[in-house]
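Participant: Here the sequence shown is numbered in our numbering, starting from 9 and rising by one per residue.
Virtual Cβ for every residue (Gly too), placed ideally from N, Cα, C.
For clarity, every value in this text was computed on a predicted model and none was experimentally measured.
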Amino acid sequence: MSRPTHADQVTSTAWNRRRFLAFTGALPAYVLSTQHAWADGRISFSSNPFSLGVASGDPDHRGMVLWTRLAPSPLLPDGGMPAQTVEVTWEVATDDSMRNVVASGTQLATPQLGHSIHVELNQLESDRWYWYRFRCGDAESTIGRTRTMPLPHQLPEQVRFAVTSCQNYEQGLFTAYEQMAADNVDMVFHLGDYIYEYEAGRNGKVRTHHGSEIMSLGDYRVRHAQYRSDPLLQNMHAQCPWWLTWDDHEFDNNCACDISEESGVDSLSFLSRRANAYQAYYEMMPLRLRQIPRGSDMRLYRSAQFGRLAEFSILDTRQYRTDQPNGDRKSPLNEAALDPTQSMLGTKQRGWLSRNLIRSTATWNVLAQQVMMGMVNRSGDPDNHQFSMDQWPGYSHERMELLNYIRDRQVSNPVVLTGDIHSNWANELRVDDRQTDQGLVATEFVATSLSSGGNGPDKPKNLDAVLAENACVKWHNTERGYIRCDVTPNSWKSDYMVVDDVLKPGGKTFTRNSFVVESGSPKLNQA
Numbered sequence: 009m010s011r012p013t014h015a016d017q018v019t020s021t022a023w024n025r026r027r028f029l030a031f032t033g034a035l036p037a038y039v040l041s042t043q044h045a046w047a048d049g050r051i052s053f054s055s056n057p058f059s060l061g062v063a064s065g066d067p068d069h070r071g072m073v074l075w076t077r078l079a080p081s082p083l084l085p086d087g088g089m090p091a092q093t094v095e096v097t098w099e100v101a102t103d104d105s106m107r108n109v110v111a112s113g114t115q116l117a118t119p120q121l122g123h124s125i126h127v128e129l130n131q132l133e134s135d136r137w138y139w140y141r142f143r144c145g146d147a148e149s150t151i152g153r154t155r156t157m158p159l160p161h162q163l164p165e166q167v168r169f170a171v172t173s174c175q176n177y178e179q180g181l182f183t184a185y186e187q188m189a190a191d192n193v194d195m196v197f198h199l200g201d202y203i204y205e206y207e208a209g210r211n212g213k214v215r216t217h218h219g220s221e222i223m224s225l226g227d228y229r230v231r232h233a234q235y236r237s238d239p240l241l242q243n244m245h246a247q248c249p250w251w252l253t254w255d256d257h258e259f260d261n262n263c264a265c266d267i268s269e270e271s272g273v274d275s276l277s278f279l280s281r282r283a284n285a286y287q288a289y290y291e292m293m294p295l296r297l298r299q300i301p302r303g304s305d306m307r308l309y310r311s312a313q314f315g316r317l318a319e320f321s322i323l324d325t326r327q328y329r330t331d332q333p334n335g336d337r338k339s340p341l342n343e344a345a346l347d348p349t350q351s352m353l354g355t356k357q358r359g360w361l362s363r364n365l366i367r368s369t370a371t372w373n374v375l376a377q378q379v380m381m382g383m384v385n386r387s388g389d390p391d392n393h394q395f396s397m398d399q400w401p402g403y404s405h406e407r408m409e410l411l412n413y414i415r416d417r418q419v420s421n422p423v424v425l426t427g428d429i430h431s432n433w434a435n436e437l438r439v440d441d442r443q444t445d446q447g448l449v450a451t452e453f454v455a456t457s458l459s460s461g462g463n464g465p466d467k468p469k470n471l472d473a474v475l476a477e478n479a480c481v482k483w484h485n486t487e488r489g490y491i492r493c494d495v496t497p498n499s500w501k502s503d504y505m506v507v508d509d510v511l512k513p514g515g516k517t518f519t520r521n522s523f524v525v526e527s528g529s530p531k532l533n534q535a
């Protein structure tokens, strides 16, 4: 790729100004309350404004999003920044020393968006690594690494990525990110519970949250900043692009659409809090402009494509779902759980997913989502059925319709990636998992929590009973960690990486178990 001329770089700056103005014209009025003038970038800092590091995300074959947020005092609601707009310059290079700069420009960091920066690039070469950095005034960020995806028609030989979720700051250290960084993955899928909303000390085992349960925009900004200040998490964000989606704790535990887990919560207050959570989430993540929230709504479901090797449908199983049946208590699959009006995805997202699946030409078709799809009787007792109503069994009709659709349309190599549950599972999915005479439709890899729950045993107490009662479950484990996936046109290998101790520094990460799926069959084979 040729290096852009000075005119190209000036055009990039002007384009970013025009784009920002067009973008602000579409923002809700409450975001545009400042009266302060533009700054010219000539600003000096007594503390590092890039204290939250850098990140990239949502890559395609032409580019990606580059992210940072100016926060010299990250645990203040305004990050320690003045209430004025500041210019931030960015550079992209083909080398880690940043000598061969191939793209550069300037973007405006505004107080309305917490002085966050989201640079969208769309003219880079496909299927290659790049390095990037930011400058503001007299400060310079660390250098991050990112990459573009292969061209849509290409069939790559391999992709390696990590799957993670559930990183409670109080309950454990983020030790697993150290090994993940060494794994040299092409990208990371974070499936939710990036932060936890609880007050300081509620889950405290290792560290303590800052402040009370988060409610305001400032609260959510500070909580995100506290998490992002973790050096291992920050370093992992700088290693490769991420695909992020939320679960419930980015906002409120076990929320369902506009319904709180707690009774007596005023809907207007609930949605106002959700708007705060969504804005802070956008500010802190490497997301595209089209993900910008509109009040208490934010479309986060979208697709990712790694050439013709794999297509990922990244789902939102919180914002559009109906209320959990049976009072959100573990229950048999009764009439309420099988109700056809129960929906996890909502009409629009379900239609989008259906179209995505039948249009796909990828070898592997992946649902990257939050809650377990396997219909698992958690008690392990055939006379005492205990299915989670917050997970797909509580929405069994839609679940079975979706798997029927995948089977009948002969979707190529369907795989489900899941988080949420703070434990590892390897599942073989049928339309109805209770009917063991049915053929297999898809494979599910459930990633344990990165830290939530603290240390857990390799083998839970009722493991043998759960395996005996649930034919869909081929393996189950409750340690902390993540999943490392190596995918080729012929096979998919998932390594369940676990940490021996997340309660103190120095924990060791190792492979606890591995499974392989051959192209053309959803059957799990132990590696």
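Rounding to the nearest angstrom, what Cα-Cα distance links Leu181 and Gln446 in this structure?
Facilitator: If you take the alpha carbons of Leu181 and Gln446, they lie about 42 angstroms apart.
Participant: Would DSSP call Ala63 helix, strand or coil?
Facilitator: Three-state DSSP puts Ala63 in a strand.
Participant: Throw me the rounded Cβ distance for the Thr325 and Met352 pair, which I believe falls under 8 angstroms.
Facilitator: Yes, Thr325 and Met352 are in contact; Cβ-Cβ is about 5 angstroms, under 8 angstroms.
Participant: Mind checking whether the beta-carbon of Leu365 lies closer than 7 angstroms to any heavy atom of the ligand NAP?
Facilitator: Of the ligands one can find in the structure shown there are none, so the ligand NAP has no counterpart to examine.
Participant: Go to Phe437, then tell me how far its beta strand (DSSP E) extends in each direction, as first and last residue.
Facilitator: According to the sequence provided, residue 437 is Leu. The question's Phe does not apply to it. Residues Asn432 to Leu437.
Participant: With distances taken between CB atoms, is the gap from Arg70 to Thr156 smaller than 8 angstroms?
Facilitator: In this structure, Thr156 lies closer than 8 angstroms to Arg70 by Cβ.
Participant: Give the secondary structure of Arg417 by DSSP, where H, G and I count as helix, E and B as strand, and everything else as coil.
Facilitator: The answer is coil: DSSP assigns Arg417 none of H, G, I, E or B.
Participant: Tell me the rounded alpha-carbon separation between Arg281 and Glu258.
Facilitator: Straight-line Cα distance between these residues: approximately 11 angstroms.
Participant: Can you name the start and end residues of the alpha helix (DSSP H) that Ile203 belongs to?
Facilitator: Note, Ile203: premise wrong, no alpha helix (DSSP H); not H, not E.
Participant: When the Cα atoms are used, what is the spatial distance from Asn498 to Ser529?
Facilitator: Near 11 angstroms, if we compare the C-alpha coordinates of Ser529 and Asn498.
Participant: Please determine if the region 241-249 and the region 298-318 are in contact, where contact requires at least 3 C-beta pairs separated by less than 8 angstroms.
Facilitator: With the cut-off at 8 angstroms, the region 241-249 and the region 298-318 do not touch.
Participant: Going by DSSP in three states, Ser10 sits in which element: helix, strand or coil?
Facilitator: Any reading at Ser10 must be qualified, since the residue scores a pLDDT of 36, below 50, and its modelled position is unreliable; no value is offered.
Participant: Going by DSSP, which residues form a beta bridge with His232?
Facilitator: Paired residues: none, contrary to the question.
Participant: Mapping the DSSP letters down to three states, classify Leu83 as helix, strand or coil.
Facilitator: The answer is coil: DSSP assigns Leu83 none of H, G, I, E or B.
Participant: Only counting the same chain, and skipping five residues up and downstream in sequence, which positions put a Cβ closer than 7 angstroms to that of Asn176?
Facilitator: Only Tyr204, Asn211, Ser459 and Ser460 meet the Cβ criterion.
Participant: Which residue comes first and which comes last in the alpha helix (DSSP H) that contains Pro239?
Facilitator: Segment Pro239 to His245, the alpha helix (DSSP H) holding Pro239.
Participant: Unbroken alpha helix (DSSP H) runs of length 4 or more, entirely within the region 342-392: which are they?
Facilitator: Within the region 342-392, the complete alpha helix (DSSP H) runs of at least 4 residues are 355-367.
Participant: Enumerate, from N- to C-terminal direction, the unbroken alpha helix (DSSP H) stretches of 4 or more residues contained entirely within the region 263-334.
Facilitator: Taking only runs of at least 4 residues, the alpha helix (DSSP H) segments lying wholly in the region 263-334 are 275-292.
Participant: Less than 8 angstroms between the CB atoms is what I'm expecting for Thr451 and Leu199, so what's the real figure, rounded?
Facilitator: Incorrect: roughly 16 angstroms between the Cβ atoms, too far for contact.
Participant: Pro422 bridges to which residues according to DSSP?
Facilitator: Pro422 is bridged to Asn373.
Participant: In chain order, what residues of the same chain lie with their CB nearer than 7 angstroms to the CB of Glu99, ignoring the 5 residues before and after it?
Facilitator: Excluding positions up to five away in sequence, the list reads Met106, Val109, Ser112, Tyr140 and Arg141.
Participant: Going straight from the alpha carbon of Pro333 to that of Arg136, what length do you get?
Facilitator: Going from the Cα of Pro333 to the Cα of Arg136 covers about 47 angstroms.
Participant: Might you give, ordered along the chain, the residues of its own chain that have their beta carbon closer than 8 angstroms to the beta carbon of Leu341, omitting 5 neighbours on each side?
Facilitator: Excluding positions up to five away in sequence, the list reads Met383, His393, Phe395, Pro401, Ser404 and Arg442.
Participant: I need the straight-line Cα distance from Gln92 to Ala117, nearest angstrom please.
Facilitator: Straight-line Cα distance between these residues: approximately 9 angstroms.
Participant: Looking only at its own chain, which residues have a Cβ that is under 6 angstroms from the Cβ of Asp508, when we skip the five neighbours before and after it?
Facilitator: Cβ within range, chain order: Gly515 and Lys516.
Participant: Nearest to Val96 by CA position, among Pro90, Gly145, Tyr286 and Gln313, is which residue?
Facilitator: Looking at the Cα atoms, Gly145 is the closest of the given residues.
Participant: Of the residues Tyr289, Arg417 and Arg337, which one's Cα is nearest the Cα of Ser368?
Facilitator: Cα-wise, what sits closest to Ser368 is Arg417.
Participant: Per DSSP, Trp75 is paired with what?
Facilitator: Paired residue(s): Ala63 and His126.
Participant: When you compare the region 269-284 with the region 73-93, are there three or more beta-carbon pairs, one atom per stretch, that lie closer than 8 angstroms?
Facilitator: Taking 8 angstroms as the limit for Cβ pairs, the verdict is that the region 73-93 does not touch the region 269-284.
Participant: Given a threshold of 16 other Cβ atoms within 10 Å of its Cβ, counted over all protein chains shown, does Gly209 qualify as buried or as exposed?
Facilitator: With fewer than 16 Cβ atoms within 10 Å of its Cβ, Gly209 is classed as exposed.
Participant: For Asn533, write down the residues that DSSP places opposite it in a beta bridge.
Facilitator: Partner(s): Val524.
Participant: Trp254 by DSSP, collapsed to three states: which one?
Facilitator: Three-state result, Trp254: coil.
Participant: What does Gly113 pair with, by DSSP beta-bridge criteria?
Facilitator: Trp98, per the DSSP bridge assignment.
Participant: Would you call Ile366 buried or exposed, if buried means 16 or more other Cβ atoms sit within 10 Å of its Cβ?
Facilitator: Exposed: under 16 other Cβ atoms inside 10 Å.
Participant: How many Å lie between Ala479 and Asp266 at the Cα?
Facilitator: Those two C-alpha atoms are separated by around 35 angstroms.
Participant: Spatial neighbours of Arg415 within its chain, please: CB distance less than 6 angstroms, with the 5 preceding and 5 following residues excluded, ordered by chain position.
Facilitator: Cβ neighbours of Arg415 beyond the five flanking positions: Val449.
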